[in-house]
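What follows is one structure encoded as structure tokens, with my remarks underneath.
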Amino acid sequence: MPLTSASFVVVAMLVAQTIVSMGTLTLPSIAPALARAFEVDASAIGYQISIVYAGAMASAALGGSVVQRIGAGRTTQTALAAIAAGMALGTSANIAALMIASLLLGLGYGLSNPAAAELLVRYTPASRRNLIFSLKQTGVPLGGMAAAMVAPGIASTFGWRAALLLVTALAIAMVVLLQFPRSRWDAPGDEPVPLSWAQVFGGISLIWREPSLRYLSLMALCFAAVQLCLMTFTVTLLVAESGYSLVRAGLVLSVVQFAGAIGRIAWGWAADRTRSSTAVLIALGAIMLAATLAVTRIDAGWRAAWILFVFVAMGSTAIGWNGVFLAEVARLASTSHASTATGGALFFTFAGVLLGPSAFAAVYGRLQSYTGTFVVAAILAATGIGLAALSRAFRTPPRN
Numbered sequence: 011m012p013l014t015s016a017s018f019v020v021v022a023m024l025v026a027q028t029i030v031s032m033g034t035l036t037l038p039s040i041a042p043a044l045a046r047a048f049e050v051d052a053s054a055i056g057y058q059i060s061i062v063y064a065g066a067m068a069s070a071a072l073g074g075s076v077v078q079r080i081g082a083g084r085t086t087q088t089a090l091a092a093i094a095a096g097m098a099l100g101t102s103a104n105i106a107a108l109m110i111a112s113l114l115l116g117l118g119y120g121l122s123n124p125a126a127a128e129l130l131v132r133y134t135p136a137s138r139r140n141l142i143f144s145l146k147q148t149g150v151p152l153g154g155m156a157a158a159m160v161a162p163g164i165a166s167t168f169g170w171r172a173a174l175l176l177v178t179a180l181a182i183a184m185v186v187l188l189q190f191p192r193s194r195w196d197a198p199g200d201e202p203v204p205l206s207w208a209q210v211f212g213g214i215s216l217i218w219r220e221p222s223l224r225y226l227s228l229m230a231l232c233f234a235a236v237q238l239c240l241m242t243f244t245v246t247l248l249v250a251e252s253g254y255s256l257v258r259a260g261l262v263l264s265v266v267q268f269a270g271a272i273g274r275i276a277w278g279w280a281a282d283r284t285r286s287s288t289a290v291l292i293a294l295g296a297i298m299l300a301a302t303l304a305v306t307r308i309d310a311g312w313r314a315a316w317i318l319f320v321f322v323a324m325g326s327t328a329i330g331w332n333g334v335f336l337a338e339v340a341r342l343a344s345t346s347h348a349s350t351a352t353g354g355a356l357f358f359t360f361a362g363v364l365l366g367p368s369a370f371a372a373v374y375g376r377l378q379s380y381t382g383t384f385v386v387a388a389i390l391a392a393t394g395i396g397l398a399a400l401s402r403a404f405r406t407p408p409r410n
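Reading the sequence shown from the start, the letters are residues 11 to 410 in the numbering used here.
Now the structure itself:
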């Protein structure tokens with residue numbers, strides 16, 4: 011398979027995204043074990059994940075400029091190296107070290123998408139872009155599913171540090187493997203582009219001055235907050251309020267992640283088929299809202315099958331929207347601005363990720379109910395639907 015073929019690029023970016031996602035979601039999947047090790051309440055994982063995405067916000071804003079300066083392939087390797095370093099540092103049973111590790115994880119996560127957008131726009135056909143971006147974005151739920159399935163079992167058998175070291179090894183291996191195609195992806199004759207303040211904030215400026223991109227990115231802020239509330243607190247909710255074991259709750263989360271992966275492909279296919287990404291985003295937002303409201307009603311009398319059904323419905327939408335969103339950003343921004351616009355859009359996305367778990371943890375502190383606190387996610391889902399409708403109303407032709 012040629013190193014610059016669409017199939018190879020999609021597979022390589024999918025594997026890289028899976029490892030990056032696994033790195034950022036391993037800690038939430040073993041939150042109860044970490045809480046015991048660090049002697050804190052399990053709900054504090056919301057603050058840890060917020061540190062991750064504070065780092066992601068910073069690196070996403072720089073992402074387009076970094077890609078232009080060192081190339082998309084090298085940027086992907088840098089992202090994976092940051093994940094490996096963060097996971098290794100996280101094995102220290104020290105709160106300060108864990109905070110630095112979380113920041114490194116975020117820096118890696120924020121760099122991965124602008125680099126992937128650059129490669130996917132360059133090497134894949136525009137007519138299948140929603141599906142292709144969605145296929146690549148299945149790496150996020152697949153990484154989360156791998157974390158939810160593997161990390162709790164490893165933590166229970168070998169200790170929580172072993173779960174982190176596994177991700178470290180995977181990330182290092184992928185850095186080495188990407189060295190082969192990198193020389194083809196990053197043309198050696200290209201002159202590196204010097205960084206400037208205009209470039210650093212160029213992606214954010216591009217998003218904000220285009221109404222359709224602005225409202226689309228604000229929608230992503232809301233949907234991302236819902237997504238991270240789901241992925242961060244599902245295990246803890248099931249253990250604390252539904253009597254699940256850590257391993258059983260982890261399996262539920264893995265099914266939710268799988269539903270998100272299938273949802274990404276299905277929503278991407280629907281967007282290509284209907285040629286209306288924003289209409290698809292509004293429709294999946296409505297399902298997300300209904301499922302989120304259902305979570306607020308879960309109590310001890312609910313059957314396991316109904317709990318699983320509600321979380322799967324929420325997962326297929328709250329985890330399933332990202333590929334359609336990123337493809338629409340790339341479409342509206344044009345090929346020459348793809349990495350810059352993606353970085354700018356992800357700045358707002360990660361702001362939502364930063365907001366969601368922290369707001370959830372703060373409200374939980376007052377309500378002392380994980381199910382009741384999901385009303386925060388419901389409000390965010392409803393707001394996101396309205397913003398998607400505004401983006402559709404202000405939609406403009408793609409930039410040349």
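C-beta: ideal position from N, C-alpha, C; glycine also.
- Per DSSP, residue 134 lies in no alpha helix (DSSP H) and is assigned neither H nor E.
- In the DSSP assignment, residue 189 falls within the unbroken alpha helix (DSSP H) covering 189 to 195.
- Boundaries of the alpha helix (DSSP H) around residue 332: 332 to 343.
- Here residue 40 carries a coil assignment [DSSP, helix/strand/coil].
- Residue 123 sits in a helix when the DSSP states are folded into three classes.
- Three or more beta-carbon pairs separated by less than 8 Å are not found between the region 76 to 95 and the region 259 to 276, which leaves the two stretches without contact.
- Nearest Cα to residue 235 within the set 351, 214, 33, 302: 302.
- Here the alpha carbon of residue 242 sits roughly 10 Å from the alpha carbon of residue 34.
- The C-alpha of residue 179 lies about 24 Å from the C-alpha of residue 45.
- Taken in chain order, the whole alpha helix (DSSP H) runs of length 4 or more contained in the region 374 to 403 are 380 to 383, 385 to 403.
- For residue 113, the CB contacts under 8 Å within the same chain, skipping 5 residues up- and downstream, are 61, 62, 64, 65, 96 in chain order.
- The alpha-carbon separation between residue 99 and residue 170 amounts to approximately 13 Å.
- The shortest CA-to-CA distance from residue 14 to any of 318, 111, 129, 47 is the one to 129.
- Of the residues assessed, residue 316 falls on the exposed side of the cut-off, its CB having fewer than 16 other CB atoms within 10 angstroms.
- Judged by their CB atoms, residue 147 and residue 332 are nearer to each other than the 9 Å cut-off.
- Annotation for residue 282: the continuous alpha helix (DSSP H) segment containing it runs 256 to 284.
- A check of alpha carbon separations from residue 334 across 374, 360, 278 identifies 278 as the nearest.
- With contacts defined by Cβ atoms closer than 9 Å, residue 131 and residue 223 do not form a contacting pair.
- In this structure, the CA atom of residue 93 is about 10 Å from the CA atom of residue 87.
- Per DSSP, the unbroken alpha helix (DSSP H) holding residue 292 starts and ends at 287 to 305.
- Annotation: the continuous alpha helix (DSSP H) that includes residue 249 extends over 221 to 251.
- In the structure shown, residue 151 adopts helical secondary structure according to DSSP, grouped into three states.
- Shown here, residue 50 sits in coil according to DSSP, grouped into three states, outside any helix or strand.
- Rounded to the nearest angstrom, the gap between the Cα atoms of residue 284 and residue 108 is 45 Å.
- Counting of Cβ neighbours within 10 angstroms places residue 220 among the buried residues, the total reaching 16 or more.
- In the three-state reduction of the DSSP assignment, residue 96 falls in the helix class, which pools H, G and I.
- In chain order, 217, 355, 358 place their CB closer than 6 Å to the CB of residue 227, counting only its own chain and leaving out the 5 sequence neighbours on each side.
- Residue environment: residue 274 is assigned as buried (16 or more neighbouring CB atoms within 10 Å of its CB, all protein chains considered).
- By the neighbour-count definition (other C-beta atoms within 10 Å, threshold 16), residue 384 is a buried residue.
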